[in-house]
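Contents: one structure, followed by commentary.
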Amino acid sequence: MMRLFPALLLLSMTSAAAPARASDSPHVVVIGIDGMDPDMLTRFMDAGRMPNFRALISEGQLLPLGTSIPPQSPVAWSNFITGTDPGSHGIFDFIHRDPATYTPIFSAAEIKQPEKTLSLGDWILPLSKGGTVLLRRGEAFWETLERAGVPCTVIRVPANYPPSPTAQKTLSGMGTPDLLGSYGSFTLFTDDPEWEGAMASGGRIRLVKASDGRVTTTIEGPRNSLRRSQPVLECPLTIDVDPGSDAVRVTVSSEEAFLRSGEWSGWLPVEFDLVGPFKKLHGMCRFYLKSTAPLHLYASPINIDPRRPALPISTPEDLASDLAERTGPYYTQGIAEDTKALEAGVFDDAQFVTQTDTIMAERERMHDVLLHDYKDGLLFFYVSTVDQSCHALWRDTDPAHPAHVEGNGFEDRFGELYEEMDRMLGEVRARIPADATIIILSDHGFAPFYKKVNINTWLYQNGYLALIRPEEIGRHPLFGNVFWRRTRAYAAGLNGLYVNLAGREGKGIVPTGPQYDALLDELRAKLLELRDPDTGEQIITTVYKASEVYHGDEVRNAPDLIVGYNRGYRSSDDSALGTVSPDLITLNFNKWTGDHCIDHRWVPGVLISNRHFAVADPSLIDVPTTIIRLFGVDPPAAMKGRNLFAAGSTTAAAH
């Protein structure tokens, strides 16, 4: 399992004083619905299922929204936050690579270890501050508004972990790790021998055995970075099983929950001793009982407890705990929908849907509090469940998908979720001032993911990438079998292709200048010629040079080429993480069957307002400029977007 961050990041953030409030500040409410697709939205509105969206659009307008290049969520939301493209904000993909070592790394944040420590036997005590550093460059639009005295509440916007320092109210979203430092790692406790030896990407399988009806085990936490040996922290867990009543009692950190099969617990504390009983690390998780005979007990990823955050997740620091006090504890993990448990077979579709409904219920309770508190200024909140459900359940709605199974009961799940978005909009409109400007946007739309493509395999087959041991193709992730001194190009991330450039890469061989330029032109031409041998379809429909679509100081860190796939195709995970597979193209029989990391032209987002737009081709980078202008504030010079409500905004849209 890849780690986003080290196990323990015990740091504090210093918050500034609250911003002075602008008098008579306008009312602006922005709702970010990740993955809302303009075609789906139109279809469900035409079917009469979304009356509140229809009413809002009748007052204003609906337009397709130009997404980022590539159309990946951390890239797109960074465009939205900064009003710039990746050449300025520096987020090009979910996955970047370390050019010195070629190691794939997460793009959004990095760890700074304490520079000074004190060693006492096995203990390593930090004497200076370490922590997580947000790698997104550029000023967030709410920071611009802060200087102008405009109050902002920004809840769960992606690509903002750790939260950028501000006196505004912010809660981090996508990119926030679980307590292990991962995007989310579940645990299945089971005595079912069929799971023996099983591996689950994004989770753990713990084989347990009951004695007199009791299972005594532990929940594994992060490593203790205060010890030289860095032992894994453990929290005792007791599971009392009663097969006769098909129920269990779960006891953890002195709290217990009684569950029958098919039931979820609430949030239970998970506490780890850092320095004996004197210093504890606080997390929390929820349990789901699938069955007692055999035992299948799911434990969610260990979330940061918002009541006692072990990591910075809000500004000011007490916002997270204040919200928890008023709404109850809630998922702090950036991507709460457990698609990994679904992929591993720990959840079936019905159980996944139940979990996503629980997440939506939590978010609605939080929205209720936010709407109660809203007086003026900007209110932004974000919804993730449409996006994650389209990723995980596309096969249920698309008979053409290789993984489609007839009659599982979730063919209309997307329609139900869009109806839920409509109900949410109705609630928002009923509770905000009548003069409020409403903006609804999505970062991208959606497309089917029928076939996986391994670009590293294509590079190998076409002589651009060499292997140390060709007979071991497919066995080595993280570029472990690549012969760099004979490799001219490689792919890392879902859309990035890099030249093995001399002076930049650790073992680069391609010189800068004419050879580099000629190689880029050659690669682009050949990739655009790539056809599916089964159908004759063009697999890749755009290939951009970074210099053609990015602007700013971060272009030097960009992939050399950005690959845009046709609808139905996407990079394989193997390719993204540096594995050269035997097959170039494979059918996608996974649960993750919808996607958007393709040619940006095929997956525009949506832009809706109760006001009419003055431009016909809006882009994500236009939205923050527009928001700032609504408050009568001049955007910073770095923002390149247009004011979408101002006549004469004719600057060319940038992605």
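Here the sequence shown stands for residues 82 to 736, numbered as in my numbering.
C-beta atoms are modelled at their ideal positions from N, C-alpha and C, and glycine is treated no differently.
This one's a predicted model, so the numbers in the text were calculated from it and none came from an experiment.
PRO350 lies in the beta strand (DSSP E); which residues open and close that run? The residue labelled residue 350 in the question sits at position 269 within the sequence shown. 349–354 is the span of the beta strand (DSSP E), which, as asked, contains PRO350.
Using a Cβ distance threshold of 8 Å, determine whether the segment 671–686 contacts the segment 177–184, with at least three qualifying pairs required. no
With distances taken Cα to Cα, identify the nearest neighbour of MET365 among VAL434, ASP386, SER139, ALA401. On the sequence shown, position 284 is the one that residue 365 refers to. Checked all of VAL434, ASP386, SER139, ALA401; the closest Cα to MET365 is ASP386.
Specify the secondary structure class of ARG135 as computed by DSSP and reduced to three states. Looking up residue 135 in the sequence shown gives position 54. Three-state result, ARG135: helix.
Give me the residue from VAL289, PRO350, GLY347 with the minimum Cα distance to VAL322. Numbered from its first residue, the sequence shown carries residue 322 at position 241. The shortest C-alpha separation from VAL322 is found at VAL289.
Less than 6 Å between C-beta atoms, sequence neighbours within five positions excluded: which residues of the same chain meet that for LEU658? Taking the sequence shown and counting its residues from 1, one reaches residue 658 at position 577. Closer than 6 Å at the Cβ level, and outside the excluded window around LEU658, lie PRO185, PRO558.
Taking three-plus beta-carbon pairs below 8 Å as touching, is the segment 640–651 in contact with the segment 623–632? yes
Would you kindly check if the distance between the Cβ of SER395 and the Cβ of LYS371 is under 8 Å? Residue 371 sits at position 290 when you count from the first residue of the sequence shown. Residue 395 sits at position 314 when you count from the first residue of the sequence shown. Cβ distance not < 8 Å, so LYS371 and SER395 don't count as in contact.
Do you know offhand how far PRO167's Cα is from ILE150's? Along the sequence shown, one-based indexing puts residue 167 at 86. Along the sequence shown, one-based indexing puts residue 150 at 69. Between PRO167 and ILE150, the C-alpha separation is close to 8 Å.
Using a Cβ-Cβ cutoff of less than 7 Å, which residues in the same chain neighbour GLU492 once the five nearest sequence positions on both sides are dropped? As a first step, residue 492 must be located in the sequence shown, where it is residue number 411. Only ASP477, THR478 meet the Cβ criterion.
Entirely enclosed alpha helix (DSSP H) segments - the segment 565–652, minimum 4 residues: 595–609, 627–630
Compare the C-alpha of LEU540 against each of TYR579, PHE175, SER169 and name the closest. Sequence index remark: in the sequence shown, residue 540 carries index 459 (1-based). With distances taken between Cα atoms, LEU540 lies closest to TYR579.
Given that a residue counts as buried once 16 or more other Cβ atoms are within 10 Å of its Cβ, and exposed if not, what is ILE549? Start at 1 with the first residue of the sequence shown, and residue 549 comes out as number 468. With fewer than 16 other Cβ atoms within 10 Å, it is exposed.
Of all the options ASN638, ASP327, TYR242, which has the alpha carbon lying nearest to the alpha carbon of ALA374? Counting from one through the sequence shown, the residue named residue 374 turns up at place 293. For the residues ASN638, ASP327, TYR242, the minimum Cα distance to ALA374 belongs to ASP327.
Let's see if you can read the secondary structure: which residues bound the alpha helix (DSSP H) around GLN66? Within the shown structure, residues of the chain are numbered from 82 to 736, placing residue 66 beyond reach of any answer.
Would ARG651 be called buried (16 or more neighbouring beta carbons within 10 Å of its own) or exposed? On the sequence shown, position 570 is the one that residue 651 refers to. Buried.
Figure out for me which residue from ASN489, LEU474, ARG510, ARG567 has the closest Cα to the Cα of PRO529. Position 448 of the sequence shown, counting from 1, holds the residue named residue 529. Taking only the C-alpha atoms, the option nearest PRO529 is LEU474.
ILE513 and VAL110 look like a contact to me (Cβ under 8 Å); what is the Cβ gap, rounded to whole Å? Counting from 1 along the sequence shown, the entry for residue 513 is found at position 432. Counting from 1 along the sequence shown, the entry for residue 110 is found at position 29. Rounded, the Cβ-Cβ distance is 6 Å, consistent with contact.
Determine the DSSP secondary structure at SER335, reduced to helix, strand or coil. To locate residue 335, count along the sequence shown from 1; it is residue 254. The answer is coil: DSSP assigns SER335 none of H, G, I, E or B.
Return the chain-ordered list of same chain residues with a C-beta closer than 6 Å to the C-beta of HIS250, the five sequence neighbours on each side being excluded. As a working note, residue 250 is residue 169 in the sequence shown. For clarity, residue 250 is Lys in the given sequence; the question names His instead. Excluding positions up to five away in sequence, the list reads THR234, LEU400.
If contact is defined by three or more beta carbon pairs under 8 Å, each pair taking one atom from either stretch, is the segment 658–668 in contact with the segment 628–643? no
Closest by C-alpha distance to PHE433, when choosing among ALA572, ASP273, LEU404, ALA417: Along the sequence shown, read from residue 1 onward, the residue named residue 433 stands at position 352. When only C-alpha atoms are compared, the closest one is ALA417.
Is it right to say THR568 is buried, meaning 16 or more other beta carbons lie within 10 angstroms of its own, or is it exposed? Locating residue 568 in the sequence shown gives position 487, counting from the first residue. So THR568 counts as buried.
Output the distance between the C-alpha atoms of ILE702 and LEU711, rounded to the nearest integer angstrom. Counted from its first residue, the sequence shown places residue 702 at position 621. Counted from its first residue, the sequence shown places residue 711 at position 630. For ILE702 and LEU711, the distance between alpha carbons rounds to 15 Å.
Between the alpha carbons of GLU191 and ALA157, how many angstroms are there, rounded? Looking up residue 191 in the sequence shown gives position 110. Looking up residue 157 in the sequence shown gives position 76. If you take the alpha carbons of GLU191 and ALA157, they lie about 20 Å apart.
Would you identify the three-state DSSP class for TYR541, choosing helix, strand or coil? Within the sequence shown, residue 541 is the residue found at index 460, counting from 1. DSSP places TYR541 in helix when its eight states are reduced to three.
Between which two residues does the alpha helix (DSSP H) containing PRO705 stretch? Walking along the sequence shown from the start, residue 705 turns up at place 624. Per DSSP, PRO705 belongs to the alpha helix (DSSP H) from 703–711.
Determine the direct distance from the alpha carbon of ASN576 to that of HIS177, and round the result to whole angstroms. Here residue 177 refers to the residue found at position 96 when the sequence shown is read from its first residue. Here residue 576 refers to the residue found at position 495 when the sequence shown is read from its first residue. Rounded to whole angstroms, HIS177 to ASN576 spans 10 Å at the Cα level.
Could you please give the first and the last residue of the uninterrupted alpha helix (DSSP H) stretch that includes TYR411? For this step, residue 411 is matched to residue 330 along the sequence shown. Unbroken run through TYR411: none, as it is neither H nor E.
Counting Cβ pairs, one atom from each stretch, are 3 or more of them under 8 Å apart for the segment 685–698 and the segment 216–226? no
Classify LYS421 as buried or exposed, calling it buried when 16 or more other Cβ atoms lie within 10 Å of its own Cβ. Counting from 1 along the sequence shown, the entry for residue 421 is found at position 340. Buried, since its Cβ has 16 or more Cβ neighbours within 10 Å.
7 Å Cβ shell around ARG102 - same chain, five flanking residues per side excluded: On the sequence shown, residue 102 is found 21 positions in, with the first residue counted as 1. In this prediction, ARG102 has a pLDDT of 44, which is less than 50 and means its spatial position is unreliable; nothing more can be read from the coordinates.
Write down the C-beta distance between LEU582 and GLY589 rounded to the nearest angstrom, noting that I regard them as a contact closer than 8 Å. Here residue 582 corresponds to residue number 501 of the sequence shown, with the count starting at 1. Here residue 589 corresponds to residue number 508 of the sequence shown, with the count starting at 1. Contact holds; Cβ gap of about 5 Å.
Can you list, in chain order, the residues of its chain whose CB lies under 6 Å from that of PRO243, leaving out five sequence neighbours each side? For the purposes of this step, residue 243 is taken as residue 162 along the sequence shown, with counting starting at 1. Cβ neighbours of PRO243 beyond the five flanking positions: THR213, LEU215, PRO393.
Kindly identify the DSSP beta-bridge partner or partners of VAL124. In the sequence shown, residue 124 corresponds to position 43, counting from 1. In the sequence as presented, Val is not what sits at residue 124; that position holds Arg. Beta-bridge pairing links ARG124 to no other residue.
In whole angstroms, what separates the C-alpha of PHE86 from that of GLN414? For the purposes of this step, residue 86 is taken as residue 5 along the sequence shown, with counting starting at 1. For the purposes of this step, residue 414 is taken as residue 333 along the sequence shown, with counting starting at 1. Low confidence applies to PHE86: its pLDDT is 33, below 50, so where it sits in the model is not reliable, and the reading given next is rough at best. Each residue's Cα considered, the two are about 13 Å apart.
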